[in-house]
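Numbering (the UniProt record's numbering), first residue to last: 1 to 369.
Here's the structure we're looking at; comments come further down.
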Amino acid sequence: MHVLSTLISGLGLFAHLIAAGYTLQDDYGTTDSFFDKFDFYTSSDPTNGYVSYVDRSTASSGGLISTSGDSVYIGVDTKNTASSPGRQSVRLASTNTYTHGLVILDLEHMPGSVCGTWPAFWMLGSDWPSNGEIDIIEGVNTQTNNQMTLHTSDGCSITNSGFGGNLETSNCYVEASGQSANAGCAILSSSSQSYGDGFNNANGGVYATEWTSSGIKIWFFSKSSIPSDITSGSPNPSGWGTPTAAFSGSCDIDSHFKNLQIVFDITFCGDWAGNVWSSSTCASKADTCNSYVQNNPSAFTETYWRINSLKVYQESSSSKSKSHSHAAVHAREHEAVRENKSGRSAPYVRPAPRPAWKHRRGQYKHGHA
């Protein structure tokens, strides 16, 4: 009887721990206050894109950002012939930073598979690459499958197991030998619904990123397969099955990833989309990527994010999972940007290997212009 009662007690404790799970920390909402939680980057594009990142006022008056009560729109200029430095767009970085957590992005629409485009949803630390980088959604031009990548300082690599995608590169170190510069450790989704037109034609979906001391996992769920615990606001990753990407192995996660901002951006051409232009099917549209982006505003009507929700959860039982005010790392934001030349393996449908490109980080201006 004593053994039985002990077992029942243990099961009860186990059930309690499971029930505790994740609790909501930040809900970015779908009203204008969504943009209060981000800084608008307005400096030149560190990836040499044909883009002009605008401030909040310009973005709002130009129709590049808006809210509808149940969703947030982030897009680009689709009306005007562009002039130097490029087509108007938006790049946002959250005013909060995170160490650990469960980031769940519910999208109705992401930028389509359009020639000249290079959108990304990612997380970035102020001291790159020491604080790490997590690329959750990224692709260029007519890409059909999402690429997920980590970029770190030395001493971090991953194993080819525990995920459903295709391993492209395994060493996360930005200067790893035997890989293109800044290739990082990259995993390509095997689903053509994970990115661009395929994602939008399937009416969107959810990306969930779990970051713990033991690893970083990314799940992609199409609209029809979103787990009920996500929609109910009680996410439980243990029941989600095999992740699309899982980054673990010979890597001390806590020493390589900390204090990361959440970033949305859409750039054009530059060191990836532009450099593969001549070897892609896009080359039939114009001699250069910049020329095409400059002179065809209507080509980018599908180049936008439509966000149903962005929520960050933390483990209820973990005192280590914290969000830090962006102001606490204000000083670090003014450190010199390390402009590392880099390159990655090309996307799933690859016209040519991804060439060298400069790191995607730039200096953020504080406050909201």
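Backbone N, C-alpha and C define an ideal beta-carbon position, used for all residues, glycine too.
(message) Short of 7 Å in beta carbon distance, which residues of its chain neighbour Leu124, apart from the five on each side in sequence? Order them along the chain.
(response) Glu133, Leu260, Gln261, Val263 and Arg361
(request) Take the Cβ of Ser238 as the centre, count every other Cβ of all protein chains shown within 10 Å, and call the residue buried at 16 or more, exposed below. (result) Label assigned to Ser238: exposed.
(message) Since Pro129 and His100 should fall inside the 8 Å C-beta cutoff, what is the C-beta to C-beta distance between them, to a whole number of angstroms?
(response) Going by Cβ atoms, the distance from Pro129 to His100 rounds to 19 Å, so no, they are not a contact pair.
(message) Is the separation between the beta-carbon of Ile187 and that of Asn166 shorter than 8 Å?
(response) yes
(request) Check whether the Cβ atoms of Val103 and Val312 sit closer than 8 Å, and answer yes or no. (result) yes
(message) Is it buried or exposed, Asp106, if we count other Cβ atoms within 10 angstroms and call 16 or more buried?
(response) Classification of Asp106: buried, given that the 10 Å Cβ count is 16 or more.
(request) Answer with buried or exposed for Asp154, where buried requires no fewer than 16 other C-beta atoms within 10 angstroms of its C-beta. (result) exposed
(request) Measure the alpha-carbon distance for Val140 versus Gly116 and round it to whole angstroms. (result) Those two C-alpha atoms are separated by around 7 Å.
(message) Comparing C-alpha positions only, which one of Gly178, Thr97 and Asn308 sits nearest to Asp39?
(response) Thr97
(request) Using only alpha-carbon positions, find the residue among Ile226, Gly233 and Asp77 that is nearest to Gln314. (result) Gly233
(request) Return the chain-ordered list of same chain residues with a C-beta closer than 7 Å to the C-beta of Thr169, the five sequence neighbours on each side being excluded. (result) Gln179, Ala183, Gly184, Cys185, Ala186 and Ser345
(message) For Ser192 and Ser255, what's the separation of their Cα atoms in angstroms?
(response) 34 Å
(message) If you reduce the DSSP assignment to three classes, tell me which class Ser89 lands in.
(response) strand
(request) Starting from the C-beta of Tyr50, find all residues in its chain whose C-beta is less than 6 Å away, skip the five residues before and the five after it, and write them out in chain order. (result) The residues are Gly86, Phe268, Cys269, Asn290 and Val293.
(request) From the DSSP output, in three-state form, read off Ala183 for me. (result) coil
(message) I want to see whether chain D comes within less than 8 Å of Phe247, judged by CB atoms only; does it?
(response) Absent here is chain D; the protein component of the structure consists of one chain.
(message) Between Trp305 and Ile74, how many whole angstroms is the CB-CB distance? I'm expecting something under 8 Å.
(response) Rounded, the Cβ-Cβ distance is 4 Å, consistent with contact.
(request) Starting from Cys251, follow the beta strand (DSSP E) in both directions and report where the run begins and ends. (result) Gly249 to Cys251
(message) With the cut-off set at 8 Å, would you say Tyr53 and Ala93 are in Cβ contact?
(response) no
(message) The beta strand (DSSP E) that contains Thr212, what's its start and end?
(response) Taken as a continuous stretch (DSSP letters only), the beta strand (DSSP E) holding Thr212 covers Gly205 to Thr212.
(message) Just verifying my parser: in three-state terms, what is the DSSP assignment at Val76?
(response) When secondary structure is reduced to three states using DSSP, Val76 falls in the coil class, being assigned neither helix nor strand.
(request) Could you give the DSSP three-state label for Trp122: helix, strand or coil? (result) In the structure shown, Trp122 sits in a strand (DSSP, three-state: E or B).
(request) Would you identify the three-state DSSP class for Ser52, choosing helix, strand or coil? (result) strand
(request) Look up Glu315 in the DSSP assignment and give the residues it is bridged to. (result) Tyr22
(message) Could you pull the DSSP bridge partners for Val263 from this structure?
(response) Ala93 and Trp122
(message) Starting from Gln147, trace the beta strand (DSSP E) in both directions and tell me its first and last residue.
(response) Gln147 to His151
(request) Classify Asp70 as buried or exposed, calling it buried when 16 or more other Cβ atoms lie within 10 Å of its own Cβ. (result) It is exposed - the Cβ of Asp70 has fewer than 16 other Cβ atoms within 10 Å.
(request) Go through its chain and collect everything with a Cβ distance to Pro235's Cβ below 8 Å, but skip five positions before and after it. (result) Gly21, Tyr22, Leu102, Ile104, Ala208, Pro227, Asp229 and Tyr313
(request) Just grab the DSSP bridge partners of Asp135 for me. (result) The bridge partners DSSP lists for Asp135 are Trp122 and Thr149.
(request) Grab me the residues of Val114's own chain with a C-beta within less than 7 Å of its C-beta, minus the 5 sequence neighbours each way, in chain order. (result) Ala299, Phe300, Glu302 and Thr303
(message) Is the separation between the beta-carbon of Gly196 and that of Met110 shorter than 8 Å?
(response) yes
(request) Under 7 Å Cβ to Cβ from Thr95, same chain only, skipping five residues before and after it: list those, please. (result) Counting only residues of its own chain and dropping the five nearest sequence neighbours on each side, Thr95 has a CB closer than 7 Å to the CB of Lys37, Phe38, Asp39 and His326.
(message) I need the straight-line Cα distance from Ser66 to Trp219, nearest angstrom please.
(response) Taking the straight line from one Cα to the other gives about 28 Å.
(message) I believe Phe163 touches Ala245 by the beta-carbon criterion, under 8 Å. Please report the beta-carbon distance rounded to the nearest angstrom.
(response) 5 Å
(request) Take Glu175 as the anchor and find which of Thr231, Phe221 and Ser157 has the nearest alpha-carbon. (result) Ser157
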